[in-house]
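In the working numbering, the protein residues as written are 5 to 179.
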């Protein structure tokens with residue numbers, strides 16, 4: 005029996021050695037690896053862990069980190085074939101991250117994550133019903149939406165301010 009264990013032990017040790025040599029470690033933060041293959045592993049792992057995260061805020065943070073790290077792959081390792089392959093194969097999955105962060109940020113009332121999602125590519129729906137959901141998220145959200153989409157949001161929000169007698173909002177945007 006001892007003869008059968010030795011080859012297995014050697015194989016396991018070689019596998020662990022290869023992982024350590026490439027810089028791959030379970031749970032490493034995206035953007036911290038020293039080579040492209042390890043960084044790709046970290047990005048994929050972060051996306052996988054984000055899908056399993058219990059907290060929406062944690063999920064937002066993991067998705068943003070993975071997206072930002074993926075965006076910097078070409079800068080860190082220009083011309084690397086593994087990077088080019090990963091980016092082309094994962095383009096659709098990576099492209100959905102801003103929309104996911106956008107939706108999650110509204111659920112958890114995280115304006116900063118919402119703004120990040122907009123900068124990446126997410127679009128605000130500017131119909132009356134959609135704009136009113138931002139009203140309910142609070143004054144910071146209202147001010148941001150009015151600043152970004154004044155033609156669409158201001159008439160709707162002013163009508164809401166009058167109906168609810170929201171004097172501070174009305175006074176701030178009466179111009």
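Backbone N, C-alpha and C define an ideal beta-carbon position, used for all residues, glycine too.
Cβ neighbour criterion (16 or more within 10 Å) applied to residue i
i	result
residue 43	buried
residue 92	exposed
residue 98	buried
residue 63	buried
residue 165	buried
residue 136	exposed
residue 25	Because the pLDDT of residue 25 is 48, which lies under 50, any placement of that residue in the model is unreliable, and the question is left without a value.
residue 40	buried
residue 171	exposed
residue 169	exposed
residue 113	exposed
residue 167	exposed
residue 175	exposed
residue 37	buried
residue 193	No statement about residue 193 is possible, as the shown extent of the chain runs from 5 to 179 and does not include it.
residue 5	Reliability of the predicted coordinates at residue 5 is poor, the pLDDT of 47 falling under 50, and the value obtained from them is presented with this limitation in mind. Label assigned to residue 5: exposed.
residue 95	exposed
Beta-carbon separation (whole angstroms), residue i vs residue j, contact threshold 8 Å
i	j	result
residue 102	residue 121	5 Å
residue 69	residue 33	7 Å
residue 117	residue 128	Not quite, the Cβ-Cβ distance comes to about 14 Å (not below 8 Å), so this is no contact.
residue 4	residue 161	Not covered by the structure: residue 4. The range shown for the chain is 5 to 179.
residue 115	residue 145	6 Å
residue 46	residue 73	7 Å
residue 158	residue 150	6 Å
Limits of the unbroken alpha helix (DSSP H) element including residue i
i	result
residue 159	154-168
residue 111	101-112
residue 73	60-75
residue 134	132-139
residue 92	85-93
residue 40	40-56
residue 171	171-177
residue 126	No alpha helix (DSSP H) holds residue 126; DSSP gives it neither H nor E.
Should the stretch 108-117 be regarded as contacting the stretch 74-90, the criterion being three or more beta carbon pairs within less than 8 Å?
Verdict: no, contact absent.
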